[in-house]
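Here's the structure we're looking at; comments come further down.
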Amino acid sequence: MTQENTPPSRREQILQALALMLEEDSGKRITIAALARQVGVSEAALYRHFPSKARMYEGLISFIEESLFERITRILDDHQQALPRCYHIMALVLAFAEKNPGLSRLLGGDVLTGETARLRLRIHQLFERLETQFKQILREAELREGRRPAIPATAGANLLSALIEGRIAQFVRSDYRRRPTEHWEDQWQAISAQLLREAPALA
């Protein structure tokens, strides 16, 4: 969560430790006491940096949002056609989840059971933002390329978002054995072939 060769701050150390515990203690509820032991500080020291565990989770969610959407902006700059844009965005999110198993538990939402509703809303909004991005890409395809979504753009965007969520959920449920990128290339070939069609020529 820091630049290479830059020592992490105490806040970053806490968030890194929390992400590691999410990965290693799959299915267990994480306590402040256990997190303090993992970081090697007192509980009071943790609270000096984060007033609550919810704020720690919010810090991880902010890291996820910044990591994904900064790269999505670059993908949109680098690729002008709809299918490559969708492909690279989906591959980005799936690979990010695979490389960060602890954070994938946050994306899957299971670890937030019993936590404040604000955290679940943040994850919901993250996926809503992804879905809105897909919808915009599909709607722009006709203007940019003369191709229309084979199904309404809203439905197509929801399909792509649901595929991402489903792959992440499988990853978490399998204790990280079912990789999100497994079979991805073959699945994308099947989906992308049906996603857009040529717009009818004007009479």
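Take the sequence shown: its letters are residues 1 to 203, numbered as in the numbering used here.
Glycine included, each C-beta is placed from N, C-alpha and C at the ideal position.
The structure presented is a predicted model; accordingly, all values stated were derived computationally and were not measured.
Quiz item: Excluding sequence positions up to five away, which residues of its chain have a Cβ less than 6 angstroms from the Cβ of tyrosine 57?
Solution: In the sequence shown, counting from the first residue as 1, residue 57 sits at position 57. These residues qualify, in order along the chain: Leu119.
Quiz item: Would DSSP call proline 51 helix, strand or coil?
Solution: Translated into the one-based positions of the sequence shown, residue 51 becomes position 51. Proline 51 falls in the coil class under three-state DSSP.
Quiz item: Would the segment 20-40 and the segment 91-106 be scored as touching if the rule is three or more Cβ pairs under 8 angstroms?
Solution: yes
Exercise. Go ahead and pull the three-state DSSP assignment for arginine 10.
Key: Taking the sequence shown and counting its residues from 1, the one referred to as residue 10 is at position 10. Helix.
Quiz item: What residue ranges within the segment 134-192 form continuous beta strand (DSSP E) runs of no fewer than 3 residues, ordered along the chain?
Solution: 147-149
Quiz prompt | For alanine 82 and leucine 196, believed in contact at Cβ under 8 angstroms, the rounded distance | solution = Sequence index remark: in the sequence shown, residue 196 carries index 196 (1-based). Sequence index remark: in the sequence shown, residue 82 carries index 82 (1-based). Contact flag correct, Cβ pair sits at about 6 angstroms.
Exercise. Count the other CB atoms, across all protein chains shown, that sit within 10 Å of the CB of serine 161; report buried if there are 16 or more and exposed otherwise.
Key: Locating residue 161 in the sequence shown gives position 161, where the first residue counts as 1. By the neighbour-count rule (16 or more Cβ atoms within 10 Å), serine 161 is buried.
Self-check item: Beta-carbon proximity check, leucine 92 vs isoleucine 64, cutoff 8 angstroms
Solution: Residue mapping note: residue 92 aligns to position 92 of the sequence shown, counting from 1. Residue mapping note: residue 64 aligns to position 64 of the sequence shown, counting from 1. Contact: no.
Exercise. Label lysine 99 either buried or exposed according to how many other C-beta atoms from any shown protein chain fall within 10 Å of its C-beta, with 16 as the threshold for buried.
Key: As a working note, residue 99 is residue 99 in the sequence shown. The Cβ neighbour count for lysine 99, taken over all protein chains shown within 10 Å, is under 16; the residue is labelled exposed.
Exercise. Look at the Cβ atom of arginine 209, then the Cβ atom of isoleucine 137, and state whether they are nearer than 8 angstroms.
Key: Look at the range of the chain in this structure, 1 to 203, and you will see that residue 209 is not part of it.
Self-check item: With 16 other Cβ atoms within 10 Å as the buried cut-off, status of proline 152
Solution: Residue mapping note: residue 152 aligns to position 152 of the sequence shown, counting from 1. So proline 152 ends up on the exposed side.
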